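Novice: Heads up, the sequence shown is in full-length UniProt numbering, so the first residue is 1 and it goes up one at a time. Where is the CB? At the ideal position from N, CA and C, for every residue including glycine. For clarity, every value in this text was computed on a predicted model and none was experimentally measured. Submitted below is the structure of interest, expressed as structure tokens.
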Amino acid sequence: MEVILEDIGRRFNRDWVFRHLNYRFTTGRRYAILGPNGSGKSTLLQIIASSLTPSSGQIRYVSGEQHIDPERVYQYIALAAPYMELIEEFTLTEQVRFHFTHKKYLHGFDEQRVTDLLGLRHAENKQIRYFSSGMKQRVKLALACCAEAPILLLDEPATNLDHDGVDWYLHLVDKTSADRMLLVCSNQEREYGFCEYTIGIPAYKA
Ligand SMILES: Nc1ncnc2c1ncn2[C@@H]1O[C@H](COP(=O)(O)OP(=O)(O)OP(=O)(O)O)[C@@H](O)[C@H]1O
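So, in structure tokens, the structure goes:
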């Protein structure tokens, strides 16, 4: 699968966040989207996820010979981001079950394995609203990484994670990112050090 950005730009009102961005993302590769706060990383990720449209240029999604309609791209994407909410009223078990009624499990995973991987067995029946911020971040990452989707998008994945949490995240990525297209938005080397390709957003400042 390929995601092809053709001269894309995005502005909010009169202010261009970035412009003239050409890039080709390919399955099996890991990319870091880099830049300081406010540079446009999340904006670019949302354009790639097709939840935001570019103000100029176009984005194409190609799977083999097939062109994918941007409105159906969500079926190919798993996303973890700070602006995504978990369902606070659910227990952990209910949240996992609910998520995987909409998404398939990645090959080799099931409810049990996701819960084990989370290391939150003791909190299975606890409502998400009582989880710490680090526990919630682990849940978001596990739901995204353990879902069957060729494109995995992680926006600031180490947010709220302590030292052990970052090691846990790196292990999770190692176990789940093979043969997928992985994009990590970050400004911290520890969360994207494994990426083979980097895109610096400030280079596309208008
Ligand atoms: N809906 C919106 N309306 C107006 N401006 C917006 C909107 N969304 C984002 N912006 C602006 O676009 C710019 C890029 O924001 P974005 O969130 O993409 O940056 P970022 O690199 O992800 O930042 P951070 O590292 O802080 O998460 C910022 O100046 C932001 O204020």
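(1) Between the C-alpha atoms of residue 6 and residue 19, what's the straight-line distance to the nearest angstrom?
(2) Return helix, strand or coil for residue 108, following the three-state DSSP convention.
(3) Are the C-beta of residue 184 and some C-beta of chain D separated by less than 9 angstroms?
(4) According to DSSP, residue 95 sits in a beta bridge with which residue or residues?
(5) Nearest-angstrom Cα distance between residue 34 and residue 201?
(6) Just to confirm, are residue 131 and residue 106 a CB contact at a threshold of 9 angstroms?
(7) Looking at residue 56 and ligand 1, is the gap between the Cβ and the nearest heavy atom below 8 angstroms?
(8) Distance, Cα to Cα, residue 178 vs residue 28?
(9) Roughly how many whole angstroms lie between the Cα atoms of residue 49 and residue 141?
(10) Extract the residue ranges of the beta strand (DSSP E) inside the stretch 117–175, only unbroken runs of 3 or more that lie entirely within it.
(11) Return yes when the Cβ of residue 51 is within less than 9 angstroms of the Cβ of residue 155, no when it is not.
(12) Report yes if the C-beta distance between residue 73 and residue 4 is below 9 angstroms; otherwise report no.
(13) What number of angstroms, rounded off, separates the C-alpha of residue 11 from the C-alpha of residue 55?
(14) Would you mind reading off the limits of the beta strand (DSSP E) that contains residue 26?
Specialist: Taking the geometry as given:
(1) 10 angstroms
(2) coil
(3) Given the protein chain composition of this structure (a single chain), no chain D is represented.
(4) In the DSSP output, where bridge partners are listed per residue, residue 95 has none listed.
(5) 6 angstroms
(6) Note that the C-beta distance between residue 131 and residue 106 is not below 9 angstroms.
(7) Outside the cutoff, so no.
(8) 7 angstroms
(9) 16 angstroms
(10) 151–155
(11) no
(12) no
(13) 6 angstroms
(14) 15–26
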